[in-house]
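Engineer: Got a structure for you, questions after.
Numbering (the working numbering), first residue to last: 11 to 116.
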């Protein structure tokens, strides 16, 4: 558990901050399965994440994350994206997500 030197208090301490960055890559290309045209089916995805964790005290944490994603043949990589959003076998889907969470540890 992270313990700030000074807990957050209005007009007092700020707690503790933590910055983060992450890169993820997923490659589900099936080189053993080829289309009628003879090309391999490509299914790839990657994400970039920037985040901030703010520890107000040892039991309370605020988390904010910004995620940018890109997927090729995305129904497999990002199932939440409807197939109608894709345009052909090598189509790409891109998007941005901003998420927050308040976490209580007891």
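Think of the CB as a built atom: it goes at the ideal place given N, C-alpha and C, for glycine as much as any other residue. Given the structure is predicted, the values throughout are model-derived calculations rather than measurements.
(1) From the DSSP output, in three-state form, read off residue 17 for me.
(2) Quick one: any contact between the stretch 73-84 and the stretch 11-27, if contact means 3 or more CB pairs under 8 Å?
(3) Could you spell out where the beta strand (DSSP E) holding residue 62 opens and where it closes?
(4) Short of 7 Å in beta carbon distance, which residues of its chain neighbour residue 105, apart from the five on each side in sequence? Order them along the chain.
(5) Hey, out of 39, 37, 69 and 75, whose CA is closest to residue 13's CA?
(6) Go to residue 27, then tell me how far its beta strand (DSSP E) extends in each direction, as first and last residue.
(7) Applying the criterion that 16 or more other CB atoms from any shown protein chain within 10 Å of the CB defines a buried residue, is residue 103 buried or exposed?
(8) Rounded to whole angstroms, what's the CA-CA distance from residue 115 to residue 37? Just pull it up for me.
(9) Could you tell me if residue 87 is buried or exposed, where buried requires 16 or more neighbouring beta carbons within 10 angstroms of its beta carbon?
Structural biologist: Taking the geometry as given:
(1) Taking the first residue of the chain shown as position 1, residue 17 is located at position 7. The three-state reading of DSSP puts residue 17 in coil, since its state is none of H, G, I, E or B.
(2) Contact between the stretch 73-84 and the stretch 11-27 is absent, because fewer than three Cβ pairs lie under 8 Å.
(3) Here the question's residue 62 lines up with position 52 in the chain shown. Counting along the chain, the beta strand (DSSP E) containing residue 62 begins and ends at 54-67.
(4) If you number the chain shown from 1, residue 105 lands on position 95. Around residue 105: 79.
(5) Reading the chain shown from its first residue, position 3 is the one you call residue 13. Comparing Cα positions, the closest option is 69.
(6) Walking along the chain shown from the start, residue 27 turns up at place 17. Unbroken beta strand (DSSP E) run through residue 27: 26-37.
(7) Counting from 1 along the chain shown, the entry for residue 103 is found at position 93. By the neighbour-count rule (16 or more Cβ atoms within 10 Å), residue 103 is buried.
(8) Indexing the chain shown from 1 puts residue 115 at position 105. Indexing the chain shown from 1 puts residue 37 at position 27. If you take the alpha carbons of residue 115 and residue 37, they lie about 36 Å apart.
(9) Translated into the one-based positions of the chain shown, residue 87 becomes position 77. In this prediction, residue 87 has a pLDDT of 45, which is less than 50 and means its spatial position is unreliable; what the coordinates show is noted afterwards. Residue 87 should be labelled buried.
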